[in-house]
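Peer 1: Position 98 of the sequence shown, counted from 1, bears residue number 104 in the working numbering, the numbering being contiguous throughout.
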Amino acid sequence: MKHLIIVIIFGFLILSSELVLAQESETPNEAVETAHPRTHYKLTTYPNLLKLYWRDSKLNTQEADDLDYYIVNSACDIAKEIEGNDFKREELRDAMARHLRSARRNYSNRFYFIQPLQLGEYNFDKKAFEILPESQYMDVRRIRISNNSKEDLTGDCRKLLPDNVELYERAPLNVVANLNQPFNFLEVPASEEILRLYLDYIKTEPQLEAERMGYIVFYVSLSTYLENARDASAATGIVAEYKTNLDFIEVYADPERKYPLFFKFFEEK
């Protein structure tokens, strides 16, 4: 019951702020979308990134390997059902190609990703949680927004992938966002009421109280594909670089995003 009360109060505080912001900055027709903007953003899973690559014509509906690669990554169960049946496989390719040609222009270029924050003490003068140096963001212009791996596809699915290394170059597993403006985030603004709720939450488990974690959610729009780049820390060593607008951020006390602490919208540059 205590957890439920905290969730309700947290949610009421943040939702009230969102509605006020919507009323102040948007016309009535736009206010509905602004009140719930996160619903338009996709998690940076590889199947979702593949849709971005189709949207940007980095993959070709005339190439059988491209179609097979997408089918295995997005609908492996179907690919397994038709394994060894050349007629069914060709029918599926044709159907998928027709679908992609009509649908890809509507695929989303808006994504979200989550990063941990190590929180320090609450500064009563600034009305903000300190962020420890190792978690701070200072003049960040380039950030990898996904951590996908070839191991995400296992067993029967992985063996069905086309033997075509060049696909990983045209459709990298991971994306790097090149932000239109530098991002700085050294503290988490929060009222003393939010502080009390946060302290009540972390007291529910000794580990939470010891770690004092927060979680920042980035919501971005990938506007323009720039180039592929080498990144030794990324799977396959290649990432796709995109010109990116940071739309807004949210900060939560928990990775499940039940306990909001802060949010901020950014103007497009």
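C-beta: ideal position from N, C-alpha, C; glycine also.
The structure displayed is predicted, hence computed values, not measured ones.
DSSP three-state call for GLU87: helix, strand or coil?
Peer 2: Position 81 of the sequence shown, counting from 1, holds the residue named residue 87. In this structure, GLU87 counts as helix in the three-state DSSP scheme.
Peer 1: Three or more beta-carbon pairs under 8 Å between the segment 142-149 and the segment 189-202, yes or no?
Peer 2: yes
Peer 1: Going straight from the alpha carbon of TYR225 to that of SER114, what length do you get?
Peer 2: Indexing the sequence shown from 1 puts residue 225 at position 219. Indexing the sequence shown from 1 puts residue 114 at position 108. Using only the alpha carbons, I get a separation of about 12 Å.
Peer 1: Between SER197 and LYS133, which are expected to be in contact by the criterion C-beta below 8 Å, what is the C-beta distance as a whole number of angstroms?
Peer 2: Here residue 197 is taken as the residue at index 191 of the sequence shown, counted from 1. Here residue 133 is taken as the residue at index 127 of the sequence shown, counted from 1. Their Cβ separation, rounded to whole angstroms, is 6 Å, which keeps SER197 and LYS133 in contact under 8 Å.
Peer 1: Have a look at ASP72 and LYS156 and give me their C-alpha separation to the nearest angstrom.
Peer 2: Taking the first residue of the sequence shown as position 1, residue 72 is located at position 66. Taking the first residue of the sequence shown as position 1, residue 156 is located at position 150. If you take the alpha carbons of ASP72 and LYS156, they lie about 16 Å apart.
Peer 1: Rounded to whole angstroms, what's the CA-CA distance from TYR47 to PRO178? Just pull it up for me.
Peer 2: Counting from one through the sequence shown, the residue named residue 47 turns up at place 41. Counting from one through the sequence shown, the residue named residue 178 turns up at place 172. Note on geometry: alpha-carbon atoms of TYR47 and PRO178 lie some 20 Å from one another.
Peer 1: Determine the extent of the alpha helix (DSSP H) in which VAL78 is found, giving its start and end residues.
Peer 2: Mapped onto the sequence shown, residue 78 falls at position 72. Its alpha helix (DSSP H) spans residues 70-80.
Peer 1: Could you name each continuous beta strand (DSSP E) segment of 3 residues or more that falls completely within the segment 133-168, going from the start of the chain to the end?
Peer 2: 134-137 and 143-150
Peer 1: Using a 10 Å radius around the Cβ and a threshold of 16 neighbouring Cβ atoms, would you call TYR161 buried or exposed?
Peer 2: In the sequence shown, residue 161 corresponds to position 155, counting from 1. Just to set this straight, residue 161 is Gly in the shown sequence, not Tyr. GLY161 should be labelled exposed.
Peer 1: Pull up the CB-CB distance for LEU65 and TYR76, whole angstroms please, since I reckon it's below 8 Å.
Peer 2: Taking the first residue of the sequence shown as 1, we reach residue 65 at position 59. Taking the first residue of the sequence shown as 1, we reach residue 76 at position 70. About 7 Å separates the two Cβ atoms, so the contact holds.
Peer 1: Which runs of the alpha helix (DSSP H) fall wholly inside the segment 174-253 and span at least 4 residues, in chain order?
Peer 2: 198-208 and 212-217
Peer 1: Inspect the beta-carbon positions of LEU166 and ALA85 and report whether they are closer than 8 Å.
Peer 2: In the sequence shown, counting from the first residue as 1, residue 166 sits at position 160. In the sequence shown, counting from the first residue as 1, residue 85 sits at position 79. Contact flag set, yes.
Peer 1: Using the Cβ count rule (16 or more neighbours within 10 Å means buried), how would you classify PRO135?
Peer 2: Residue mapping note: residue 135 aligns to position 129 of the sequence shown, counting from 1. Strictly speaking, residue 135 in this sequence is Phe, with Pro absent from that position. Buried.
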